[in-house]
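In terms of UniProt numbering, the sequence shown is residues 1 to 384. Here a beta-carbon is modelled for each residue, glycine too, at the ideal position from N, C-alpha and C. A quick note: this is a predicted structure, and the numbers were derived from the prediction, not measured. Worksheet for the structure shown next.
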Amino acid sequence: MWKTKAAPFLFTKRGIFYFSRRIPADLAGHYRCDRITISLRTKSLRAAQARAAALGGKLDQDWLSLRWQSKEDQFSRFLSDRVVAAKLVSSAPTLSEAAKVYVEEKGKGRPQTFHQAVDRVVSRMIAVAGDKPIDTFTREEANALRNAFRAKGLTTASIKRAFNVIRAMVNFVAREVGLDEIRTFSSIYFGEDEAEAKAKRSSFGDSELKTIQVLCRELDDQPRWLIGLISDSGMRLAEAAGLVTEDVVLDDKHPHIKLRPHPWRSLKTQGSARIIPLVGVSLWAAQRAVSASTNGFLFPKYCNDQECKANSASAALNKWMSPRVSKGGVVHSFRHSLRDRLRAVECPRDIVDRLGGWTVDGIGETYGKGYPIQVLHKWMEMIV
Numbered sequence: 001m002w003k004t005k006a007a008p009f010l011f012t013k014r015g016i017f018y019f020s021r022r023i024p025a026d027l028a029g030h031y032r033c034d035r036i037t038i039s040l041r042t043k044s045l046r047a048a049q050a051r052a053a054a055l056g057g058k059l060d061q062d063w064l065s066l067r068w069q070s071k072e073d074q075f076s077r078f079l080s081d082r083v084v085a086a087k088l089v090s091s092a093p094t095l096s097e098a099a100k101v102y103v104e105e106k107g108k109g110r111p112q113t114f115h116q117a118v119d120r121v122v123s124r125m126i127a128v129a130g131d132k133p134i135d136t137f138t139r140e141e142a143n144a145l146r147n148a149f150r151a152k153g154l155t156t157a158s159i160k161r162a163f164n165v166i167r168a169m170v171n172f173v174a175r176e177v178g179l180d181e182i183r184t185f186s187s188i189y190f191g192e193d194e195a196e197a198k199a200k201r202s203s204f205g206d207s208e209l210k211t212i213q214v215l216c217r218e219l220d221d222q223p224r225w226l227i228g229l230i231s232d233s234g235m236r237l238a239e240a241a242g243l244v245t246e247d248v249v250l251d252d253k254h255p256h257i258k259l260r261p262h263p264w265r266s267l268k269t270q271g272s273a274r275i276i277p278l279v280g281v282s283l284w285a286a287q288r289a290v291s292a293s294t295n296g297f298l299f300p301k302y303c304n305d306q307e308c309k310a311n312s313a314s315a316a317l318n319k320w321m322s323p324r325v326s327k328g329g330v331v332h333s334f335r336h337s338l339r340d341r342l343r344a345v346e347c348p349r350d351i352v353d354r355l356g357g358w359t360v361d362g363i364g365e366t367y368g369k370g371y372p373i374q375v376l377h378k379w380m381e382m383i384v
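Pasting the structure below:
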C-alpha cells in the first residue's frame, strides 16, 4: 500500500486505487468509524485523482452542513419557548419554509401582488407566533393574527384576503408533504362593521356619476382617463389598468375592448375574459389613452410588462374622488352603478352578467359563443 503526493487521500491495494480520509474530531459523533475508505475501482492514477477530488469535495460539503447544524443547536437557545416546543413535536415545514415552497410551485407567472400577499401574511404571522411548523399553529394564534391586522387598520375585506392566502398556502404544502388538512386558519370570525357593509353596497347616483365624468374630461390626464374608462364600462380597476393598445378596437362599427389575461395582470375568473362595448365617457377615455400611449400600455403610470400596480392606482384614484363623492363612494362603486343602470333599462340578467364579467347561472349559459357585439352594444348605449 502506498500514498501519492499528487493526491494525499489515495492509496493502492493490489493495484486498485482507494480513497481514504480521516473523519475530523469535531464530527466523530456523527459516524460509526474514524475513517472513510472507498474503492475507486480504477488502476489509472489520473482517473483516481479525479474521483478522489470529487469525493473530497462532497465530503467537505457534508461536513460543512453538519457543522452548521451544530451551530443551529447553539442558536436554538435564542428561540422562544413556543417555537422550540413546536419543533420538538412536529417535523412539518416551518411557515417560512412552506412559503418558499408555495411561491416556487404556485408563483410562476403570477403577478408581483401574489408574492407580496404571501410575504405580508407570513411575516405578520411570524411576528405574532414565531416561525413554527405549519401544523402547530393554534386557533388562538390565528385569532391573534386577525387582531394584529385590525390593529394595523386593515379593512375586514383585506383581512379575509390575507387569511385566504395563508390558508391556501399551508394546505397546499400540507398536501405536498403528506399532512392532513390544516383547519387552523379556516372559519375565522371576522365580523363586519356597519360602515364597511354600507360601503360594499355603495353605488353612484346619476348626478354624482355625471359630476365625476365632467371633471375627468376637464382634467384630461392619465388618472382621469382610467376613471373615465371604468365609469361607463363597469370594468374592475385592475382589468382597466392592465390594458394594452391591442386590447382596444376603435375602428369597428361597435368600438369595444377585448379583455384578456396578460402576464402582468391576470383576470379574476375565467368568465372575466369578455367583450366590453365602449360607449359614452368610456369611449372618450379609451381614445385619449390609445392616442397618448408610447409603449403599448394604456396606463403606463400604473402598469408595465412586469406588474400591474392596481393597489397604487386604487389608493390614488380613491383619494382624488373622496372629497367629490358621497361617503363610501370609491372606484369600485362604478361597477355597482353599472349593474343598477342596466337594471333600470330592463337589461336581461344574463347579458348584465356577460357585460360585467360576473358568474353566469346554469350550464347552458356556458355553451355557444355568447352574444354578438351589436347586441351588447345596444344595451350599453341605453345607459348613457
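- A direct Cα-to-Cα measurement between Leu250 and Ala292 gives close to 14 Å.
- Contact between Ile188 and Arg146 holds: CB atoms are separated by about 6 Å, below the 8 Å threshold.
- Less than 8 Å divides the Cβ of Phe299 from the Cβ of Ala241.
- Taking His377 as reference, the option from Asp60, Trp320, Ala162, Ser282 with the minimal CA-CA separation is Ser282.
- According to DSSP, Cys308 shares a beta bridge with Cys303.
- Residue pairing from DSSP places Val249 in a beta bridge opposite His256.
- In the same chain as Tyr371, and ignoring 5 residues on each side of it, the C-beta atoms closer than 7 Å to its own belong to Ile351, Arg354, in chain order.
- CA-CA distance, Ser333 to Val118, rounds to 28 Å.
- With a cut-off of 8 Å on Cβ pairs, the stretch 327 to 341 is not in contact with the stretch 294 to 308, counting fewer than three such pairs.
- Uninterrupted alpha helix (DSSP H) stretches at least 4 residues long and entirely within the stretch 323 to 361 occur at 333 to 344, 349 to 356, given in chain order.
- Put simply, the stretch 311 to 326 does not touch the stretch 130 to 145. Fewer than three CB pairs are less than 8 Å apart.
- Distance check between Ile373 and each of Arg139, Ala148, His254, Ser207 places His254 closest, using alpha-carbon atoms only.
- Just so you know, the alpha carbons of Pro111 and Gln61 end up roughly 36 Å apart.
- Per DSSP, the continuous beta strand (DSSP E) segment holding Tyr18 begins and ends at 16 to 22.
- Annotation: the continuous alpha helix (DSSP H) that includes Ser158 extends over 156 to 177.
- Looking only at Met321, Asn143, His30, the smallest Cα-Cα distance to Arg67 is reached by His30.
- In the DSSP assignment, the residues bridged to Thr94 are Pro133.
- The Cβ atoms of Gly271 and Val173 do not sit closer than 8 Å to each other.
- Between the alpha carbons of Ser96 and Asp135 lies a gap of roughly 13 Å.
- With a cut-off of 8 Å on Cβ pairs, the stretch 211 to 224 is not in contact with the stretch 162 to 176, counting fewer than three such pairs.
- Leu338 is a Cβ neighbour of Gly234, given a cutoff of 8 Å.
- Ile182 sits in coil when the DSSP states are folded into three classes, being neither helix nor strand.
- Buried is the label assigned to Leu40, since at least 16 other Cβ atoms lie within 10 Å of its Cβ.
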